[in-house]
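S.K.: Position one of the sequence shown corresponds to residue -3 (the working numbering), numbered consecutively onward.
Sharing a structure, written as structure tokens. Questions coming.
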Amino acid sequence: MEKNTRTNGSVCENCGKWMEHDHTTLTIENAHQSFRLCSERCDSEHRANLALRDMTWGTAS
């Protein structure tokens, strides 16, 4: 699902901040998904959230 509402840019998929043209694209190899992230901080947070989800997914009830 594309989160673009403006014509030139995108939204960070971690914090929701609007990005113009300069963004980092993170590709998760095991899921073959790409995420648009605005900074190294969002990259780190997003990776941590995915790792936490993977660790706790099977234990949630």
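The beta carbon of each residue, even a glycine, is placed where N, CA and C say it ideally should be.
So, are the CB atoms of Glu16 and Leu33 less than 8 Å apart?
M.R.: As a working note, residue 16 is residue 20 in the sequence shown. As a working note, residue 33 is residue 37 in the sequence shown. In this structure, Leu33 does not lie closer than 8 Å to Glu16 by Cβ.
S.K.: Cutting at 7 Å between CB atoms, please list the residues of its own chain near Cys11, excluding the five before and the five after it.
M.R.: Numbered from its first residue, the sequence shown carries residue 11 at position 15. Correct list, in chain order: Cys34 and Cys38.
S.K.: With DSSP run on the structure shown, which of helix, strand or coil describes Ser35?
M.R.: Reading the sequence shown from its first residue, position 39 is the one you call residue 35. DSSP places Ser35 in coil when its eight states are reduced to three.
S.K.: Quick one: using the 10 Å Cβ neighbour count with 16 as the cut-off for buried, is Ser6 buried or exposed?
M.R.: Counting from 1 along the sequence shown, the entry for residue 6 is found at position 10. That one is buried.
S.K.: Return helix, strand or coil for Thr52, following the three-state DSSP convention.
M.R.: What you label residue 52 is simply residue 56 of the sequence shown in a count that begins at 1. In the structure shown, Thr52 sits in a helix (DSSP, three-state: H, G or I).
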